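There are 2 protein chains.
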Amino acid sequence: MKVNGEEYRTIWMEGTTVYMVEQNLLPFEFEIHEASTYFETCFAITTMIVRGAGALGAAAGFAMAQAFMHAPEDDYWDFIEQAKEDIEATRPTARNLFYAVERVYKAGKNGAKEAVKEAQLLADEDARDSRLIGKFGAELFGDETSILTHCNAGWLAFVNYGTALSPIYMAKKDGKKVFVYVDETRPRNQGARLTAWELKNEKVDHVIIPDNAAAYFMKRKLVDFVIVGADRIARNGDVANKIGTLEKAIVAKEYGIPFYVAAPTSTFDLNCLHGMEIELETRSEDEVLYQTGIDTNGNLSKIRVASPGSHAENPAFDVTPSKYITGFITEKGIIKPYVQSIKRICKAKRSSINYLE
Amino acid sequence: MKVNGEEYRTIWMEGTTVYMVEQNLLPFEFEIHEASTYFETCFAITTMIVRGAGALGAAAGFAMAQAFMHAPEDDYWDFIEQAKEDIEATRPTARNLFYAVERVYKAGKNGAKEAVKEAQLLADEDARDSRLIGKFGAELFGDETSILTHCNAGWLAFVNYGTALSPIYMAKKDGKKVFVYVDETRPRNQGARLTAWELKNEKVDHVIIPDNAAAYFMKRKLVDFVIVGADRIARNGDVANKIGTLEKAIVAKEYGIPFYVAAPTSTFDLNCLHGMEIELETRSEDEVLYQTGIDTNGNLSKIRVASPGSHAENPAFDVTPSKYITGFITEKGIIKPYVQSIKRICKAKRSSINYLE
């Protein structure tokens, strides 16, 4: 997507260096972060310089490829195995991260060149899948549609285009009118910071709302669809995604508003039978107790917004049971959240699947 | 309640001056704000130096009394009528504000002295009612209870004790174990700032959670009760309260968790047939786009936390339909959210009502 007139991907690799948009500084500063070893790429993942399901997949794939390129001859496989372990230990919930590591690791058995090729292919696939998700998703919309989204499943969360936001970009290109309610998405405010920034860049009409206000707008029939991304989807259709997704899904169901999850089939984990098996990351309480932003002098500043002496709990993800989900928008079409549909679409070739089967 | 060992009410009047805890500075600074005219008291209401249903009622009552004390002889009733209009225009949603203005206005017809007496009586009643709410509410709890609350309906929102938090304080005094999940309550963070501060002062175990995480904890059966306050309750039991209350109520119902609204009968508006008739205030987008807190140097600082160039919508209240409400905890006992029970309890003498009828 374009930033200041130039075309960017969220993450890419040239030679042995991984380049990525520094997402902790957005939307206040736009900077490209460089990671020259797998270890530096892991650091970028844990510190959330790069985040979002697909972008984490690409980052992990590149990190694995970096390990193959840098492994010392006399300690080759020990180094690789250690790297694999380190990369997989960065963040537990995103399925794409593990999926990418597995694929690049396997390809690397035929040499570092193959690992690099596979990692690049994975990133390309992610961008192409996101684009196809946009194409399928946009067909759901009428000429005028209002969408509520949670967190950021835009191009910053993938290699390009995004999942939940991709249909919005495609619909806009097709000349349809779209309006987006952007949940600010506490505690890290990815909605207010990243989704709003993306939508502003693409000139999509939108408004930021406190997470608390989603039901207020849904009750007033101002929301036609809720569309969110996913970090991991179980075989039965249960979805792990950013904390708060479950609340939005319950409320959407209460008001009869279609609730779609947009994700490539690489986010489905067929070995995971249901949501209770998904490991959910909890993060530092400081994300809740403190906020960062720019002060009146334009400097990035961190302030405490909660009562001193009190503590916080910060579960980063929740699981939305499949019963609240209207359908999955994938790169191969839209399906209902049934085990059989999920199994079929994961095995199907791209675009060979009908809608909502 | 006690602050640094001294007993305080949230708001009180001595002579012609109204004193109140400056709630915009809490929890970082504890300061008493003085308003020496009705106009200054109105300013304190609109700028949220004083906020919360009962405290707004007391403030409005005192402001009306100030008007009677300061009305010039040659323009007496014009001044009074103008003051009444000004006070009622400060904030539209809280029932107690209008209730207090009416009572003091009526009493003032017999002179300024009567107005002052009535305003003082109103404040005393609010404190006593809050205490009784605590007594009735605490009887719901077992020996170990976990409560989720939204926003701040503690003593800072009333003259003393509070409503939603009063049962928690009483239960703790009775030697029961209580644990509180405190919704941070965006955008103004009254949970993270005020409720957490109150609970810490009273040594009640608690943890702050992002509003998004309430469903996560409810789904895990970690919450026994949800208890919130109310700004206005319609004759049919629909409740206007802080934005996000509706989401919590829907989710609580989904998980079979009792959802109580704690409020004195002065918050019920029998002339309001249902929630759709309640005027809901929307506030400045800046409350969503900016946050205040203390920086690393300990100074109060305001930072922008949302993407520059994007806008926000900021509905301050929502309406929770009575079907999601388990019961009302009032100063006269606990009732179910039925029209007949509401009418009866509003007319009944204190404590003459049975539980949950």
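If you're matching them up, the sequences are chains A and B in order.
Throughout the first sequence, residue numbering follows the numbering used here, covering 1 to 357 in sequence.
Throughout the second sequence, residue numbering follows the numbering used here, covering 1001 to 1357 in sequence.
We put the beta carbon where it would ideally sit given N, CA and C, even for glycine.
Treat the numbers as computed from the prediction; the structure is a model and nothing was measured.
Under a criterion of Cβ atoms nearer than 9 Å, no residue of chain A is adjacent to I1168/B; the nearest Cβ is some 15 Å distant.
Under the DSSP definition of a beta bridge, G54/A lacks any partner. Counting along the chain, no alpha helix (DSSP H) covers T90/A, and no H or E run does either.
In the three-state reduction of the DSSP assignment, N201/A falls in the helix class, which pools H, G and I. Contact between G1054/B and P1321/B does not hold, since their C-beta atoms are separated by about 23 Å, which reaches or exceeds 8 Å. Beta-carbon to beta-carbon, F1062/B and T1090/B are separated by about 13 Å, too far to satisfy the 8 Å threshold. Taking C-alpha positions only, M13/A is separated from L122/A by approximately 12 Å. Interface residue (Cβ-Cβ distance to chain A less than 8 Å): A1196/B is classified as such. With a cut-off of 8 Å on Cβ pairs, the segment 233–243 of chain A is not in contact with the segment 198–209 of chain A, counting fewer than three such pairs. About 4 Å separates the beta carbon of A1115/B from that of F1068/B, a gap short enough to meet the 8 Å contact definition. Here the segment 235–246 of chain A makes contact with the segment 333–350 of chain A; the two share three or more CB pairs at distances below 8 Å. Legend: CB atoms of the segment 209–234 of chain A lying less than 9 Å from CB atoms of chain B belong to residues I209, P210, D211, N212, A213, A214, A215, Y216, F217 and K219. Counting along the chain, the unbroken alpha helix (DSSP H) around L246/A starts and ends at T245 to E254. Neighbours of S1301/B in chain A, taken as residues whose beta carbon is under 9 Å from its own, are D295, T296, S301 and I303 in chain order. A distance below 7 Å between beta-carbons, with the five flanking residues on each side excluded, links H1311/B to the following residues of its chain, in chain order: E1285. Secondary structure at L1097/B: helix, using DSSP grouped into helix, strand and coil. Annotation: the segment 1156–1243 of chain B contains the following complete segments of the alpha helix (DSSP H) (minimum length 4 residues), in chain order: 1166–1173, 1196–1201 and 1214–1219.
Note that the C-beta distance between T1149/B and V1104/B is not below 8 Å. By the C-beta density criterion, M1020/B is buried, having at least 16 other C-beta atoms within 10 angstroms. Here T1267/B is buried: its Cβ has 16 or more other Cβ atoms, across all protein chains shown, within 10 Å. Y1260/B sits away from M1218/B, with the two beta carbons spaced by 8 Å or more. Under the three-pair Cβ rule at 8 Å, the segment 122–142 of chain A counts as touching the segment 158–168 of chain A. As DSSP reads the structure, T1149/B sits in a beta bridge with V1182/B.
In this structure, the alpha-carbon of I257/A lies about 17 Å from that of D211/A. Counting only residues of its own chain and dropping the five nearest sequence neighbours on each side, E331/A has a CB closer than 7 Å to the CB of D129, L132, I133, P264, T265 and R350. Nearest Cα to I1227/B within the set D1269/B, V1178/B and L1270/B: V1178/B.
Annotation: N24/A has no Cβ neighbours in chain B at a cutoff of 8 Å; minimum Cβ distance is about 13 Å. DSSP places A1312/B in no beta strand (DSSP E); its state is neither H nor E.
For R186/A, the nearest CB of chain B lies under 8 Å from its own CB, placing it at the interface with that chain. Relative to the Cα of A192/A, the nearest Cα in the group A1215/B, Y1169/B and G1309/B belongs to G1309/B. By the rule that beta-carbons nearer than 8 Å mark a contact, D1205/B does not touch chain A. The alpha carbon of A1262/B has as its nearest neighbour, out of L1025/B, G1052/B and M1048/B, the alpha carbon of G1052/B.
Under the 8 Å criterion on CB atoms, A306/A is classed as interfacial with respect to chain B. Scanning I1080/B, N1152/B, A1044/B and E1279/B for the CA closest to the CA of G1229/B turns up N1152/B.
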